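J.: I'd like to ask some things about the structure below.
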Amino acid sequence: MSDPLGGTNRSSTSVPNATPNVVPNIAISSISAQNSPINNNYITDQVKTPTSSTSGGTTLPTSTSNTNLGSLVSTAIPHAPASRSIAISCFEFFYIEMVDYLMKSCQDKVKAYKKLDKLGFKVGNRLVERLSIETPLFTELLEAVKFICKVFWFALFKKSIDNLRTNHKGVFVLSDKQFQWLQHLSYDPNSTNKDCTEYIQFACGLIKGAMSNFGYKCTVTFELLQNHACMYKFY
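In structure tokens form, the structure reads like this:
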């Protein structure tokens, strides 16, 4: 018979006997019912029986395997084309110069901190909107905090928060043992002032903006620890 596509005539006897490649039946668990970038069941599964801590609160497990974390954020964080990518070193140089410019442009240090906080608020609010565009609204505060610790933080620093603690009364403590924006800061060896508070204030605004987008207004404070570690507390 003639080929409707204009090709050569073929008959059923000319088709070679070949065993087709059969794709194994692999059970695929969707991230959510609506292809959400984060699975609410996954969040609640991670909240196991809390263990007591010395500070009176409880520690919630936030560490996950690379496989689970990769699948969690792959949907929420699309891979940008090479033409729209930027090297981490370039961004850090830009970030340092931006902070220095704002600090030098304001004689009042408190006013400069407020500018950095406000700028971080705008960026965090818009970024989390993009990351959670297909995510159902969180019904509990803990779910929103888990999203910040995993998806939001991974989008910013390619790692999740190292530790999350809470007293179950609306106070959360997030710990990042290797805060990226402090890794390559240099200090004048002859200077006695080695305060890098201004480089953390922007990150506080990021958290406030992200939580505000979820409908939670919060106050964010931070504490600098040794070896570039940083701890954020918000309530």
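Going left to right, the sequence shown walks through residues 1 to 235 as the UniProt record's numbering numbers them.
The beta carbon of each residue, even a glycine, is placed where N, CA and C say it ideally should be.
Since the structure is predicted, the reported quantities are computational estimates derived from the model, not experimental observations.
(1) Does the Cβ-Cβ distance between G170 and Y232 come in under 8 Å?
(2) Across which residues does DSSP place F234 in a beta bridge pair?
(3) Could you have a look at G215 and say whether DSSP puts it in helix, strand or coil?
(4) Look at the alpha carbon of G120 and the alpha carbon of R126, and state the distance between them as a whole number of angstroms.
(5) Output needed for V145: all residues of its chain with C-beta closer than 6 Å, excluding positions within five of it in sequence on either side, in chain order.
(6) Using the beta-carbon count (16 or more within 10 Å), is G209 buried or exposed?
(7) Drop a sphere of 10 angstroms on the beta-carbon of C90, count the other beta-carbons inside from all chains shown, and report buried for 16 or more, exposed for fewer.
(8) Count the other CB atoms within 10 Å of the CB of K217; is the residue buried (16 or more) or exposed (fewer)?
(9) CA-CA distance, F138 and A155?
(10) Who are the near neighbours of A18 in its chain, counting only those whose CB is closer than 6 Å to its CB and skipping five residues on each side?
(11) Where does V151 land, buried or exposed, given buried means 16+ other C-beta within 10 angstroms?
(12) Roughly how many angstroms lie between the CA atoms of W181 and M211, to the nearest whole one?
T.: According to the structure shown:
(1) Cβ distance not < 8 Å, so G170 and Y232 don't count as in contact.
(2) F234 is bridged to F172, V220.
(3) G215: coil per DSSP, three-state reduction.
(4) About 10 Å.
(5) Excluding positions up to five away in sequence, the list reads F172.
(6) Flag for G209 reads buried.
(7) Counting the other CB atoms within 10 Å of its CB gives C90 a total below 16, which places it among the exposed residues.
(8) So K217 counts as exposed.
(9) Taking the straight line from one Cα to the other gives about 19 Å.
(10) Note that A18 scores 45 on pLDDT, short of 50, meaning its location in the model is unreliable; the coordinates nonetheless yield the value given after this. Same-chain partners within the cutoff: there are none.
(11) Burial of V151 is indicated by the presence of at least 16 other C-beta atoms within 10 angstroms of its C-beta.
(12) One C-alpha to the other measures close to 21 Å.
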